[in-house]
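Asker: For the sequence shown, the numbering used here gives the first residue as 77, with consecutive numbering after it.
Think of the CB as a built atom: it goes at the ideal place given N, C-alpha and C, for glycine as much as any other residue.
Here's a structure for you.
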Amino acid sequence: MTGGSSGTGTTRVAVLGGDTGAGAALVEGLVDAGCAVAALRAGLSSAEEVAAALADARADRGGLDAVVDARVPTGATTPLPLSDMNAAQWAQHAEEPMRNTLHALQGAHRVLMSGGGAVVLVIPTLSMTGAAGLVPWTTAAEGSRTLAKVAARTWGDSGVRVNCLALPADVLAGSPTPLDRPGLPAPSLVPPELRRDAGPVLAALTSDAFRTVTGLTVAVDGGVWMTP
């Protein structure tokens, strides 16, 4: 196995990046909601590695119902003006995270395609609001949303549904200060906590209650981003 296991619930979930940071907090929230969770390490760098880790998790539990990619790109949360960015930095902070998302989707499809299930990509709300100093992360997040919608459209025949869970960037990054661009509306509700607030929503997205929902982005941000 490539990660730890927690919980005894009936929904069996593997969380990429569940061994650290935001992913670890979401694992706790899933366990609180009654899911059986395998926390997989963040550093899986190919579709083959992802598929192998997910296959191990599936064998360990006698099945796998959902895959969550909760990895936060290393270094992408540090603001850097677009005008000062070189090609190597762009490749590291924008292209590599999108490639990791692609590998997560490919690996999840290989494991879920025979019996169906859920895939959830955890992304920052930056993909919808934008932020001047975080263009690479914003680009990667919106690219991930696009990949999710393409996968949702094409994998439905296999019973695989794909959705996104969007959270405030500072919550995902563990930043003490807001990372969104200035001028956004104040939250209508209290800002979310990963374990207490995002965890139950994530659990719902992985459950059969959402078996006819795919291609959706659910924002858990206290009401900053309100989609039509």
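Tell me D145's beta-bridge partners as DSSP assigns them.
Answerer: Paired residues: L92, L197.
Asker: Three or more beta-carbon pairs under 8 angstroms between the segment 121-132 and the segment 274-288, yes or no?
Answerer: Output reads no: the segment 274-288 does not touch the segment 121-132.
Asker: Throw me the rounded Cβ distance for the L197 and T222 pair, which I believe falls under 8 angstroms.
Answerer: Between T222 and L197 the Cβ distance is about 11 angstroms, and since that is not below 8 angstroms, they are no contact.
Asker: Is the segment 200-216 close to the segment 154-168, with three or more CB pairs under 8 angstroms?
Answerer: With a cut-off of 8 angstroms, the segment 154-168 and the segment 200-216 count as touching, because enough Cβ pairs lie within range.
Asker: Mind reading off the beta-carbon distance from G275 to A109? Whole number of angstroms is fine, and I expect it under 8 angstroms.
Answerer: Rounded, the Cβ-Cβ distance is 6 angstroms, consistent with contact.
Asker: Which same chain residues end up closer than 8 angstroms to G191 when comparing Cβ atoms and leaving out the 5 residues on each side of it in sequence?
Answerer: Cβ within range, chain order: G139, G235.
Asker: Whole-angstrom Cβ separation of A98 and L116, contact assumed at under 8 angstroms?
Answerer: That pair is no contact at about 14 angstroms.
Asker: Pick out whichever of D246, V195, R88 has its Cα sitting closest to the Cα of R229.
Answerer: The shortest C-alpha separation from R229 is found at V195.
Asker: List the whole-angstrom C-beta distance separating D297 from P254, where the pair is believed to meet the contact cut-off of C-beta under 8 angstroms.
Answerer: Rounded, the Cβ-Cβ distance is 11 angstroms, inconsistent with contact.
Asker: Which residues does DSSP list as the beta-bridge partners of L278?
Answerer: L278 is not bridged to any residue.
Asker: Between T96, G299, A170, which has its C-alpha nearest A146's C-alpha?
Answerer: If we check each option's Cα against that of A146, T96 comes out closest.
Asker: Under 6 angstroms Cβ to Cβ from N239, same chain only, skipping five residues before and after it: list those, please.
Answerer: Around N239: V196, L281, L292.
Asker: If you draw a straight line from the alpha carbon of S220 to that of M174, how long is it in whole angstroms?
Answerer: When rounded, the distance between both Cα atoms is 6 angstroms.
Asker: Thinking C-beta only, is A227 closer than 8 angstroms to L181?
Answerer: For L181 and A227, yes; Cβs fall inside 8 angstroms.
Asker: I'd like the list of long-range same chain contacts for L265, defined as Cβ closer than 6 angstroms, with 5 residues on each side in sequence excluded.
Answerer: Only G298, G299 meet the Cβ criterion.
Asker: Once the 5 residues before and after A217 are set aside, which same chain residues still bring their CB inside 7 angstroms of it?
Answerer: Excluding sequence neighbours, A217 sits near I199, P200, L202, S203.
Asker: Considering only the alpha carbon of each residue, which of G183, A170, P244 lies closest to A152?
Answerer: Measuring from the Cα of A152, the nearest candidate turns out to be A170.
Asker: Here's the rule: buried if 16 or more other CB atoms are within 10 angstroms of the residue's CB, otherwise exposed. What is D233?
Answerer: Counting Cβ neighbours within 10 Å, D233 comes out exposed, since fewer than 16 surround it.
Asker: For the beta strand (DSSP E) that contains N239, what are its first and last residues?
Answerer: N239 -> beta strand (DSSP E) spans 236-243.
Asker: From the DSSP output, in three-state form, read off M77 for me.
Answerer: Only weak support is given to the placement of M77: the predicted model assigns it a pLDDT of 40, under 50, and the value that follows is read from those uncertain coordinates. Of the three classes helix, strand and coil, the one that applies to M77 here is coil, per DSSP.
Asker: Which residues in the same chain have their Cβ closer than 8 angstroms to the Cβ of W166, if we skip the five residues on either side of it in sequence?
Answerer: The answer, listed in chain order, is P212.
Asker: Measuring alpha carbon to alpha carbon, tell me which of A114, A118, K225, W301 ends up nearest A262.
Answerer: Taking only the C-alpha atoms, the option nearest A262 is W301.
Asker: Measure the CB-CB distance between L248 and V148 and report whether it falls below 8 angstroms.
Answerer: Yes, the Cβ-Cβ distance between L248 and V148 is below 8 angstroms.
Asker: Whole-angstrom Cβ separation of G193 and D136, contact assumed at under 8 angstroms?
Answerer: Not quite, the Cβ-Cβ distance comes to about 16 angstroms (not below 8 angstroms), so this is no contact.
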